[in-house]
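**Q** Note that the sequence shown covers residues -15 to -1, 1 to 676 in mature numbering (1 follows the signal peptide of the UniProt record, and there is no 0).
For each residue, glycine too, the CB sits at the ideal point set by N, CA and C.
Encoded as structure tokens, here's the structure I'll be asking about.
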Amino acid sequence: MAKVAWWWVAGVVVAQCPNACSNKGQCDKYGRCNCLSGYTGGDCSVRTCPFDYAWTDYATADDTAHAKAECSNRGLCDRTTGECECMSGYQGKACERTSCDTSCYNKGKCLAMRSFALSHYSDYSEQFSYETPWDARKVYGCACDEPYTSYNCGKRRCPSGDDPLTTGQVNEVQILKCMATGGSFALIFDGKISGTIRAGFREAGVKAALEATESIAEVSVSFTAADNGTVCQSDSTNLVKIEFTQNFGSLAPLKPSADALAGTVEVFADGTTEVGDEMGTKHVSIKGTKEDDQCSNRGVCDAFTATCTCTTTNNDVYSSSDGYGNPGTRGDCGYPETSVTTCPGEVACSSNGVCDDDETYRCSCAKGWYGADCSLRQCPVGLSWFSYPSAENAGHDDLVECSNGGACDTSTGFCTCGAQFFGMACQYLACPTGSAVTACGGNGRCASMYELSRLATANGDETDVTYGIDVNNPLTWDAHRVFGCACDDGWTGYDCSLRTCPTGDDPGTYGQANELQLIQCAADSGYFKLAFRRDETSAILSNATAADVEAALEALSTITNLEVAFGSGESACLASSTSTPNIISVQFITEHGDLPAITADVADLYDSATGTTGVVTIATDGTTLDSDYTSVAGTTEEVECSNRGICDTSTGICDCFDGYSSSDGRGNKGAQGDCGYRELCNADWCLTATS
């Protein structure tokens, strides 16, 4: 073990720091190492690892959590290298971010929620920031290239289209109005931006710019201006009607981007607002009512090849259409090659749904099933781990298959979750080493952020802190979804795999005081109970002796050793009418630092002088009782291995530096296991060091 240098100065033995602080720190006047950044331990021989915002921790105030932690509480620190060994599914120097499964198969970009918000748009072509939430730079996901999809871009979208057997439906028609003297603008649809539209463009130019949009297949453009004019007018009104001829269903409105326009541009797409043209004629946009079904609801999608296998059962044959029930190249199964007589499936709807035999021959699938023939199993849905924000700094609120944290097996209806997630819908961030049942190595329990907040303590005392009580608070979206380990006593680490070591006062420091608390009990019958750090004594009789009170307190799991003394008499409690009250002094020996106050339960105490319940008064932190007695706030340290040894986290035993061994909590030799006893300089190593 590390040597401690000693020498004689004017007959006094002066201790220097262990192992000369390993050349990684400075020695102070107490013989204590102040380590350089990146190093820790009593001799600065232990490496620290990078810190970042914790994935899970105990809340310190209402809705306040995710403080910085070593390896972000999702990895173990290698104390020899200072590098984090991250839990599967996490990466970064501090395990501070989730990894993207299979690196998105190189079919998309792995982005943080913040970056995703900045570089993409919502389905309605809105853009929101995601800066404030704790996970803005931590939760990563795949922003897939078209036509790739799934949480890891491992699948592809198949062509979609109108169901050829439904009738009486219409295309979406949106109306644009531009009043400007010049410049240009663009239109955003489904998050994709069009080509530049100049104020002087005519119908063909607008059509070409729109069809240059990645998300628009084909449009028809017409102007209401009598002379066919230009898209933008300055002294009259030209309405531009845009019919989506190959994008079906009720569509999101086109969103103008008009910073370069000398004027204004509006889009009307709600199907109700009337807009007047230059002749005073009122025009109303039209909401699309056609289906936009995968494979036109007449085939099954192969998500790995992005091709539709069109149904051919019962001699009802479908193939690729033009979007209008005729043969074409959409690849969508929207063309019925034969007369249709029943619903898809060898048995109609695969016996997993009801056939609508009203000439649409469309399956209404039972719960848990989907597809043209109801042959595919649905997977559970959950709130998304990675999706576009729904508002400023609000996310993770879309209900999606497998929570965007796993892939759906349509043959079984089960989600295969990514490494970070668990639950039927992959809806929970997993604890280390297993499910909620087997997690935390058997040395703790898996708890949600909300549950962890209810277990939070302050200096060993319970708190009333909560996290995520308001389910509508977007900043605590994780309260019931993100899980971490609450380790049993004696264990620590993000996965509860490390043993804790005894703590104690540093024997090299001086001028400090142990905690002294004072108790006064005004009663003459019954009993009371005392509590310290969430543990309560058995009943203490009003006439208990000092030894009785001391024994009751030392029986607590939170106290090892203390001393109790009475200021007056032999009885713990005295009636309030007594001229000289008894002040009970409680001197803590093995518990160090500024300790929380002892509390009392007086429900079963009685004071005959007042005829009421007895009263117990407790003084701490320098306050007085009966003017002659003053409490003392503890100033001793409570540090691992008393700062004079290194903790072996595999055993929970302190490996003390030469010259130090286990103390009794107050600097004498004892059984605390804390390296808090400084031995006399009579060992061979000491004599050698000073010769």
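Determine the DSSP secondary structure at ALA97, reduced to helix, strand or coil.
**A** Note: ALA97 maps to strand in three-state DSSP.
**Q** SER388 and ASP491: beta carbons closer than 8 angstroms?
**A** For SER388 and ASP491, no; Cβs fall outside 8 angstroms.
**Q** Considering only the beta carbon of each residue, do LEU236 and GLU111 sit closer than 8 angstroms?
**A** Their beta carbons are not under 8 angstroms apart, which means LEU236 does not touch GLU111 by this criterion.
**Q** Answer with buried or exposed for ILE454, where buried requires no fewer than 16 other C-beta atoms within 10 angstroms of its C-beta.
**A** The residue is exposed, with fewer than 16 neighbouring Cβ atoms inside 10 Å.
**Q** Could you name the residues of the same chain whose beta carbon sits closer than 6 angstroms to that of GLN505, not counting the 5 residues immediately before and after it, in chain order?
**A** Same-chain partners within the cutoff: PRO566, ILE568, THR602 and LEU610.
**Q** Where does GLN412 land, buried or exposed, given buried means 16+ other C-beta within 10 angstroms?
**A** GLN412 is buried by the Cβ-count criterion.
**Q** Please report the straight-line C-alpha distance between CYS62 and LEU483, rounded to a whole angstrom.
**A** Spanning the two alpha carbons is a distance of roughly 11 angstroms.
**Q** So what does DSSP say about LEU224, is it helix, strand or coil?
**A** Here LEU224 sits in strand by DSSP.
**Q** Enumerate in chain order the residues of its own chain whose CB-to-CB distance from GLY308 is below 8 angstroms, with the five nearest sequence positions on each side excluded.
**A** Closer than 8 angstroms at the Cβ level, and outside the excluded window around GLY308, lie GLY146, ASP147, THR230, GLN231, PHE233, ARG315, ASP317 and GLY319.
**Q** Only counting runs of 3 or more residues, tell me where the beta strand (DSSP E) segments fall wholly within the segment 542 to 586, in order along the chain.
**A** Runs found: 547 to 551, 568 to 573 and 584 to 586.
**Q** Does the segment 276 to 289 come close enough to the segment 350 to 367 to have 3 or more Cβ pairs within less than 8 angstroms?
**A** Cβ pair count under 8 angstroms is three or more, so yes.
**Q** Would the beta-carbon of CYS470 fall within 8 angstroms of that of CYS416?
**A** Contact flag set, yes.
**Q** According to DSSP, what are the bridge partners of ILE525?
**A** DSSP lists PHE513 as partners of ILE525.
**Q** Residues bridged to TRP476 by DSSP?
**A** Paired residues: ARG484.
**Q** Do the segment 264 to 279 and the segment 190 to 205 touch if we need at least three Cβ pairs shorter than 8 angstroms?
**A** No contact exists between the segment 264 to 279 and the segment 190 to 205.
**Q** Between ALA529, ALA516 and LEU559, which has its C-alpha nearest LEU541's C-alpha?
**A** Comparing Cα positions, the closest option is ALA516.
**Q** Exposed or buried, which one is THR615 when buried takes at least 16 other CB atoms within 10 Å?
**A** The residue in question, THR615, is exposed, as its Cβ has fewer than 16 Cβ neighbours within 10 Å.
**Q** Hey, would you say VAL269 sits closer than 8 angstroms to LEU161, going by beta carbons?
**A** Their beta carbons are not under 8 angstroms apart, which means VAL269 does not touch LEU161 by this criterion.
**Q** Pull up the distance between the alpha-carbon of GLU664 and that of ARG629, whole angstroms please.
**A** Using only the alpha carbons, I get a separation of about 12 angstroms.
**Q** Quick one: what's got a C-beta closer than 6 angstroms to ALA529's C-beta in the same chain, skipping five residues either side?
**A** So the list reads ALA557, once near-sequence residues are dropped.
**Q** What separation, rounded to the nearest whole angstrom, lies between the Cα atoms of MET434 and ALA50?
**A** The alpha-carbon atoms of MET434 and ALA50 are separated by roughly 9 angstroms.
**Q** The beta strand (DSSP E) with GLY248 in it runs from where to where?
**A** Run containing GLY248: 246 to 253, per the beta strand (DSSP E) assignment.
**Q** Classify SER562: buried if its beta carbon has 16 or more other beta carbons within 10 angstroms, exposed otherwise.
**A** Exposed is the call here.
**Q** Using the three-state DSSP reduction, which class does VAL88 fall into: helix, strand or coil?
**A** Correcting the residue identity first, residue 88 is Ser in this sequence and not Val. Reduced to three states, the DSSP call for SER88 is helix.
**Q** Per DSSP, what kind of secondary structure is ASN4 in: helix, strand or coil?
**A** DSSP places ASN4 in helix when its eight states are reduced to three.
**Q** Alpha carbon to alpha carbon, what distance is there between ARG82 and THR117?
**A** Those two C-alpha atoms are separated by around 16 angstroms.
**Q** Just to confirm before moving on: does the CB-CB distance between ASP480 and GLY426 stay below 8 angstroms?
**A** The answer is yes: Cβ separation under 8 angstroms.
**Q** Where does GLY214 sit, in a helix, a strand or coil, going by DSSP?
**A** If DSSP states are grouped into helix, strand and coil, GLY214 belongs with coil.
**Q** Leaving out five residues on either side along the sequence, give the residues of the same chain with a beta carbon under 6 angstroms from the beta carbon of ARG519.
**A** Same-chain partners within the cutoff: GLU447.
**Q** I want to know whether the segment 533 to 551 touches the segment 638 to 646 - three or more CB-CB distances under 8 angstroms.
**A** As far as the Cβ criterion goes, the segment 533 to 551 does not touch the segment 638 to 646, which means the pair count is below three.
**Q** For PHE468, which beta-bridge partners are listed by DSSP?
**A** SER433, per the DSSP bridge assignment.
**Q** Report the CB separation of MET164 from SER219 in whole angstroms; it is logged as a contact under 8 angstroms.
**A** Between SER219 and MET164 the Cβ distance is about 7 angstroms, and since that is below 8 angstroms, they are a contact.
**Q** Could you work out which residue in GLY578, GLY478 and ARG187 is closest to ASP42 when comparing CA atoms only?
**A** For ASP42, the nearest C-alpha among the options comes from GLY478.
**Q** Have a look at PRO365 and SER221 and give me their C-alpha separation to the nearest angstrom.
**A** Each residue's Cα considered, the two are about 54 angstroms apart.
**Q** By DSSP, does LEU501 sit in helix, in strand, or in coil?
**A** Strand at LEU501.
**Q** In its own chain, which residues sit with a C-beta less than 6 angstroms from the C-beta of THR620, not counting the 5 before and 5 after it?
**A** So the qualifying residues of the chain are GLN497 and ALA498.
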